[in-house]
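With the first letter of the sequence shown counted as 1, position 288 gets the number 292 in the working numbering; the numbers rise by one all the way through.
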Amino acid sequence: MDFISTEVPSMLNEDDKSQFSPTALTFAGVITFIIMIVGIFGNFLTVAALYKCPKVRNVAAAFIISLCMADLLFCAIVLPFSALRFLKGRWTHGELLCKLIPFIQYGNIGVSLLCIAMITINRYVMIAHHASYAKIYRKHWIAVMIIFCWAFSYGMQVPTLLGVWGKFDYDDKLGTCSIMSSHGRSSKTTLFITAFIIPGMVIIACYTKIFWVVRQSELRLKTHANQQNSIPNNLRPIQTPTGTVMENELHRVSSNLASDSSFSTDVKQEAVQKPSRIKDQREMRAKRNEWRITKMVLAIFLSFVICYLPITIAKVADKEVEYPNFHIFSYIMLYLSACINPIIYVIMNKQYRKAYKTVIMCEPAKLLPFRKSTAGGSSAAGM
Numbered sequence: 005m006d007f008i009s010t011e012v013p014s015m016l017n018e019d020d021k022s023q024f025s026p027t028a029l030t031f032a033g034v035i036t037f038i039i040m041i042v043g044i045f046g047n048f049l050t051v052a053a054l055y056k057c058p059k060v061r062n063v064a065a066a067f068i069i070s071l072c073m074a075d076l077l078f079c080a081i082v083l084p085f086s087a088l089r090f091l092k093g094r095w096t097h098g099e100l101l102c103k104l105i106p107f108i109q110y111g112n113i114g115v116s117l118l119c120i121a122m123i124t125i126n127r128y129v130m131i132a133h134h135a136s137y138a139k140i141y142r143k144h145w146i147a148v149m150i151i152f153c154w155a156f157s158y159g160m161q162v163p164t165l166l167g168v169w170g171k172f173d174y175d176d177k178l179g180t181c182s183i184m185s186s187h188g189r190s191s192k193t194t195l196f197i198t199a200f201i202i203p204g205m206v207i208i209a210c211y212t213k214i215f216w217v218v219r220q221s222e223l224r225l226k227t228h229a230n231q232q233n234s235i236p237n238n239l240r241p242i243q244t245p246t247g248t249v250m251e252n253e254l255h256r257v258s259s260n261l262a263s264d265s266s267f268s269t270d271v272k273q274e275a276v277q278k279p280s281r282i283k284d285q286r287e288m289r290a291k292r293n294e295w296r297i298t299k300m301v302l303a304i305f306l307s308f309v310i311c312y313l314p315i316t317i318a319k320v321a322d323k324e325v326e327y328p329n330f331h332i333f334s335y336i337m338l339y340l341s342a343c344i345n346p347i348i349y350v351i352m353n354k355q356y357r358k359a360y361k362t363v364i365m366c367e368p369a370k371l372l373p374f375r376k377s378t379a380g381g382s383s384a385a386g387m
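Below, the structure written as structure tokens:
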């Protein structure tokens, strides 16, 4: 087998000129280069910030680092070849790379999706099963989870790489190297189910439960507040060392949501003040806290759907490439996911923004080892 051969059909041969517009390909190549640069910078900056700033080190940070490393490798290794393929209109890098690049591409996509699912599960356990959080998220278990993400994602590609379950080869319809059928066998369907459907269902299920828990807590707060309002002032409970029912409930909710540094909030601090003075402020902050989490959840889920749905539709509904521009668009959206993840998981958090500033401005920051999580599962460096 000639692994050095570059005689790969062109995306712009006589049969494909009407399908792939040179202008669209050039535009896609430029956009891919921009995504590559932004992705490399953003993911590298995120990893550096998490390493340098102890305040942002928590359990979720371990999975975020893994996610960033997958996206960083994707941007640094896969996207340069993708951009050149668009600009040249053909694959010119030989048969060996035509196998290795899609192997790395699909492997890193799998790692990214599994890491997103792991972060989702982490959020779910912290909020819905807080008592078990510290037992589940110990150092060795976190390491096992991360190793699983990488080993499973790349392990699923090995049979295809060896040619026993489909093969990585040139797709002359798309002008790209991808998973092709071999002897009537292909791993595309199985990979689609394991890498898209299952993580998607996990994300939906976990965040539905998160919404439900937060909503129930808010309803309990409102119910108790209404009961307190219906009692004359001289008959209302006096503040005790253990706090009122409303205070304890608010403390329980805010502890679950805010104890992890990824969801820092001022609600917990307000809970120690006198309820008679800050009742309205508490309810307002509780609502703001729920809305903050809601926005984070929507950003996570929508990014997952928006970035991966187009390529899914293209692969399933347009196998004959009747809409070539949509295929180009779907690949750009797929590549864009490597830039969006750092924005969603990092930029939306104030502490991470400060960590970014520390790295960019080369400000000194004490390097601390990761500490073991507390019973609340949320020490500043708990990993």
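All residues carry an ideal CB built from backbone N, CA and C; glycine is no exception. As the structure is a prediction and not an experimental result, all values here were calculated from the model.
What's the C-alpha gap between residue 338 and residue 109?
To locate residue 338, count along the sequence shown from 1; it is residue 334. To locate residue 109, count along the sequence shown from 1; it is residue 105. If you take the alpha carbons of residue 338 and residue 109, they lie about 11 Å apart.
Whole-number beta carbon distance between residue 214 and residue 121, since they are thought to touch under 8 Å
Within the sequence shown, numbered from 1, the residue matching residue 121 stands at position 117. Within the sequence shown, numbered from 1, the residue matching residue 214 stands at position 210. So it is not a contact: roughly 14 Å between Cβ atoms.
Is the distance from the Cβ of residue 60 to the Cβ of residue 53 below 8 Å?
By one-based count along the sequence shown, residue 60 stands at place 56. By one-based count along the sequence shown, residue 53 stands at place 49. A contact, by the Cβ cut-off of 8 Å.
With H, G and I counted as helix, E and B as strand and the rest as coil, what does DSSP make of residue 312?
One-based indexing of the sequence shown puts residue 312 at position 308. DSSP places residue 312 in helix when its eight states are reduced to three.
Use the C-beta contact count for residue 187: other C-beta atoms within 10 angstroms, 16 or more gives buried, fewer gives exposed. The residue labelled residue 187 in the question sits at position 183 within the sequence shown. That one is exposed.
If you check the beta carbons only, do residue 33 and residue 87 fall under 8 Å apart? Locating residue 33 in the sequence shown gives position 29, where the first residue counts as 1. Locating residue 87 in the sequence shown gives position 83, where the first residue counts as 1. For residue 33 and residue 87, yes; Cβs fall inside 8 Å.
Checklist entry - Any idea which residues DSSP pairs residue 172 with across the strands? => result The residue you call residue 172 lines up with position 168 of the sequence shown. DSSP, once it has assigned bridges, lists 183 as partnering residue 172.
Exercise. Check each candidate in 35, 221, 176 and name the one with the smallest Cα separation from residue 91.
Key: By 1-based counting over the sequence shown, the position of residue 91 is 87. It is 35.
Just how far apart, CA to CA, sit residue 222 and residue 205? Along the sequence shown, one-based indexing puts residue 222 at 218. Along the sequence shown, one-based indexing puts residue 205 at 201. Cα to Cα, the separation comes out at about 26 Å.
Exercise for review: Specify the secondary structure class of residue 61 as computed by DSSP and reduced to three states.
Suggested key: What you label residue 61 is simply residue 57 of the sequence shown in a count that begins at 1. Residue 61: coil per DSSP, three-state reduction.
- So what's residue 142 in DSSP terms, helix, strand or just coil? Translated into the one-based positions of the sequence shown, residue 142 becomes position 138. Residue state, collapsed to three classes: coil.
Can we say the region 101-117 touches the region 153-162, given the rule of at least three CB pairs closer than 8 Å? yes
Just mark residue 24 as buried or exposed, buried being the case when its beta carbon has 16 or more other beta carbons within 10 Å.
Stepping through the sequence shown from its first residue, residue 24 is reached at position 20. Result: buried.
Between the alpha carbons of residue 224 and residue 131, how many angstroms are there, rounded?
Locating residue 224 in the sequence shown gives position 220, counting from the first residue. Locating residue 131 in the sequence shown gives position 127, counting from the first residue. If I take the Cα positions, the gap works out to 16 Å.
Sufficient close CB pairs (3 or more, under 8 Å) joining the region 136-150 to the region 93-108: no
Whole-angstrom Cβ separation of residue 211 and residue 124, contact assumed at under 8 Å?
On the sequence shown, residue 211 is found 207 positions in, with the first residue counted as 1. On the sequence shown, residue 124 is found 120 positions in, with the first residue counted as 1. So it is a contact: roughly 7 Å between Cβ atoms.
Next on the checklist: Let me check one thing: in DSSP terms, what residues is residue 189 bridge-paired to?
Outcome noted: Taking the sequence shown and counting its residues from 1, one reaches residue 189 at position 185. Per DSSP, 186.
Range covered by the alpha helix (DSSP H) that runs through residue 358: The residue labelled residue 358 in the question sits at position 354 within the sequence shown. Note, residue 358: alpha helix (DSSP H), 354-364.
Next item on the list: Take the Cβ of residue 144 as the centre, count every other Cβ of all protein chains shown within 10 Å, and call the residue buried at 16 or more, exposed below.
Entry: In the sequence shown, the residue the question calls residue 144 occupies position 140. Exposed: under 16 other Cβ atoms inside 10 Å.
Return the chain-ordered list of same chain residues with a C-beta closer than 6 Å to the C-beta of residue 2, the five sequence neighbours on each side being excluded.
This structure cannot settle anything about residue 2, because the visible part of the chain is limited to 5 through 387.
Beta-carbon proximity of residue 170 to residue 189, cut-off 8 Å | Position 166 of the sequence shown holds residue 170. Position 185 of the sequence shown holds residue 189. Against a cut-off of 8 Å, the Cβ pair of residue 189 and residue 170 comes out as a contact.
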